Amino acid sequence: MPLEIITVPCLSDNYAFLLHAADSGLTALVDAPEAAPIRAELDKRGWQLDFVLLTHHHWDHIDGLEELRQIYQPSVVGAEADAHRLPPLDLAVKEGTAYSLLGEDVQVIEVPGHTIGHVAFHLPKSKALFTADSLMALGCGRLFEGSAAQMWQSLGKLAALPSETVVYSGHEYTQSNGAFALTIEPDNPALQARVADIAKARATGKATVPSLLSLELATNPFLRAGQDKLKQAIGMEGIDSELIFTEIRKRKDAF
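If you're matching positions, the sequence shown starts at 1 in UniProt numbering and goes up one per residue.
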């Protein structure tokens, strides 16, 4: 049976994700921004919490962990490179680590940029990709620690995954990201349609996360920095794609 994946709004604009395997009854969590909404969702569904996967060390992705650990005693998984600044880990992983979760293989993908030790978790069987603050809906994370070159390389890894992959990112930033994206590619019809759909969703309080990777490839300017159409749109034809990405990230920071 496929995993059931639940989006849990946390804090003011964060998301955590619960993954549940009906056959085993086991449940995993990706990131722990705050405990209360995660506990409420677990209680509502009668689920125990068996595993927690952490994408990076920022407080708004880990602050709820200690309370959850005291109540449920889950096994905690995180990046080996960030073990010194993550909460205590039961399993430290890196790219290439062979890891199984809820009966599925998990691909650990190192995606430095937002932070140096950021990782994403890809579950090919469920076609699910948990990216937190690396690849985001219509955006990418701000470069707090890594370089533009690192983030561009990281996004390239994610862009190469199957286009039907569902991207579970860490924040409800999509509407503002869409407004920025239109300053880069105002004549992109797929982007125009997506921005209209986002406005309708947010008007009724609906989440815009997750999103399909195919949609990100068609509309997300940070993934599209290598596309000739985008380069033409910003008057930078023939420029190296990494430099295009750097320019777009610089513009977003000032947006």
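C-beta: ideal position from N, C-alpha, C; glycine also. This structure is a prediction, so every number in the text was calculated from the model and none was measured.
Short of 7 Å in beta carbon distance, which residues of its chain neighbour leucine 26, apart from the five on each side in sequence? Order them along the chain. For the purposes of this step, residue 26 is taken as the residue at position 26 of the sequence shown. Excluding positions up to five away in sequence, the list reads Asp50 and Leu102.
Can you grab the Cα-Cα spacing for the pair arginine 39 / glycine 178, in whole Å? Position 39 of the sequence shown holds residue 39. Position 178 of the sequence shown holds residue 178. Their Cα atoms are separated by approximately 32 Å.
DSSP on phenylalanine 121, reduced to helix/strand/coil? Start at 1 with the first residue of the sequence shown, and residue 121 comes out as number 121. In this structure, phenylalanine 121 counts as strand in the three-state DSSP scheme.
If distances are taken between C-alpha atoms only, which option among Ser134, Tyr168 and Leu138 comes closest to glutamine 154? Residue 154 sits at position 154 when you count from the first residue of the sequence shown. Reading off the sequence, residue 154 comes out as serine, not glutamine. The residue with the shortest Cα to Cα distance from serine 154 is Ser134.
Rounded distance between the beta-carbons of proline 2 and proline 37, thought under 8 Å: Counted from its first residue, the sequence shown places residue 37 at position 37. Counted from its first residue, the sequence shown places residue 2 at position 2. In fact, because the Cβ distance is near 24 Å, the residues do not count as touching under 8 Å.
Taking serine 176 as the reference, give the member of Ala79, Ala22 and Arg202 with the closest Cα. If you number the sequence shown from 1, residue 176 lands on position 176. Out of Ala79, Ala22 and Arg202, Arg202 has the C-alpha closest to the C-alpha of serine 176.
Report back the beta-carbon spacing between tyrosine 173 and glycine 139 to the nearest angstrom; my notes put them in contact at under 8 Å. Taking the sequence shown and counting its residues from 1, the one referred to as residue 173 is at position 173. Taking the sequence shown and counting its residues from 1, the one referred to as residue 139 is at position 139. Right, their Cβ atoms sit about 6 Å apart.
Note the first and the last residue of the continuous beta strand (DSSP E) segment covering alanine 132. Looking up residue 132 in the sequence shown gives position 132. First-last of the beta strand (DSSP E) with alanine 132: 128-132.
Is it right to say arginine 45 is buried, meaning 16 or more other beta carbons lie within 10 angstroms of its own, or is it exposed? Mapped onto the sequence shown, residue 45 falls at position 45. Exposed, by the Cβ-count rule.
Pairwise C-alpha distance: proline 33 and isoleucine 248: Within the sequence shown, numbered from 1, the residue matching residue 248 stands at position 248. Within the sequence shown, numbered from 1, the residue matching residue 33 stands at position 33. If you take the alpha carbons of isoleucine 248 and proline 33, they lie about 28 Å apart.
Where the beta strand (DSSP E) containing tyrosine 15 begins and where it ends: In the sequence shown, counting from the first residue as 1, residue 15 sits at position 15. Here the beta strand (DSSP E) through tyrosine 15 covers 14-20.
I need the boundaries of the alpha helix (DSSP H) containing isoleucine 248, first residue and last residue. On the sequence shown, position 248 is the one that residue 248 refers to. Element bounds for isoleucine 248: 241-253.
Proline 37 (DSSP reduced to helix, strand or coil): Walking along the sequence shown from the start, residue 37 turns up at place 37. Of the three classes helix, strand and coil, the one that applies to proline 37 here is helix, per DSSP.
Write down every uninterrupted run of the alpha helix (DSSP H) in the region 82-118 whose length is 4 residues or greater and which is fully enclosed by it, in chain order. none
Determine the closest residue to alanine 159 out of Lys252, Leu68, Glu67 and Ala137, with distance taken between C-alpha atoms. As a first step, residue 159 must be located in the sequence shown, where it is residue number 159. The option with the nearest alpha carbon to alanine 159 is Ala137.
Beta carbon of isoleucine 109, beta carbon of leucine 86: below 8 Å? Sequence index remark: in the sequence shown, residue 109 carries index 109 (1-based). Sequence index remark: in the sequence shown, residue 86 carries index 86 (1-based). Not a contact, by the Cβ cut-off of 8 Å.
Looking only at C-alpha atoms, which of Asn188, Glu237, Gln48 and Ile239 sits nearest to leucine 215? Here residue 215 refers to the residue found at position 215 of the sequence shown. Checking every option, the nearest Cα to that of leucine 215 belongs to Asn188.
Who pairs with leucine 53 in a beta bridge, going by DSSP? Position 53 of the sequence shown holds residue 53. BP columns for leucine 53 point to Val30 and Val77.
CA-to-CA distance, leucine 123 to threonine 204, given in whole angstroms: Translated into positions along the sequence shown, residue 204 becomes position 204. Translated into positions along the sequence shown, residue 123 becomes position 123. C-alpha separation (whole angstroms): 30 Å.
With DSSP collapsed to three states, give me the class of isoleucine 234. Numbered from its first residue, the sequence shown carries residue 234 at position 234. Isoleucine 234 falls in the coil class under three-state DSSP.
Report the rounded CA-to-CA distance for glutamine 73 versus valine 30, giving the unit in angstroms. Counting from 1 along the sequence shown, the entry for residue 73 is found at position 73. Counting from 1 along the sequence shown, the entry for residue 30 is found at position 30. C-alpha separation (whole angstroms): 15 Å.
Which word fits serine 211, buried or exposed, when buried means at least 16 other C-beta atoms lie within 10 angstroms of its C-beta? Mapped onto the sequence shown, residue 211 falls at position 211. Buried, by the Cβ-count rule.
Taking tyrosine 173 as part of the alpha helix (DSSP H), name the residues at either end of that continuous run. Here residue 173 refers to the residue found at position 173 of the sequence shown. No alpha helix (DSSP H) holds tyrosine 173; DSSP gives it neither H nor E.
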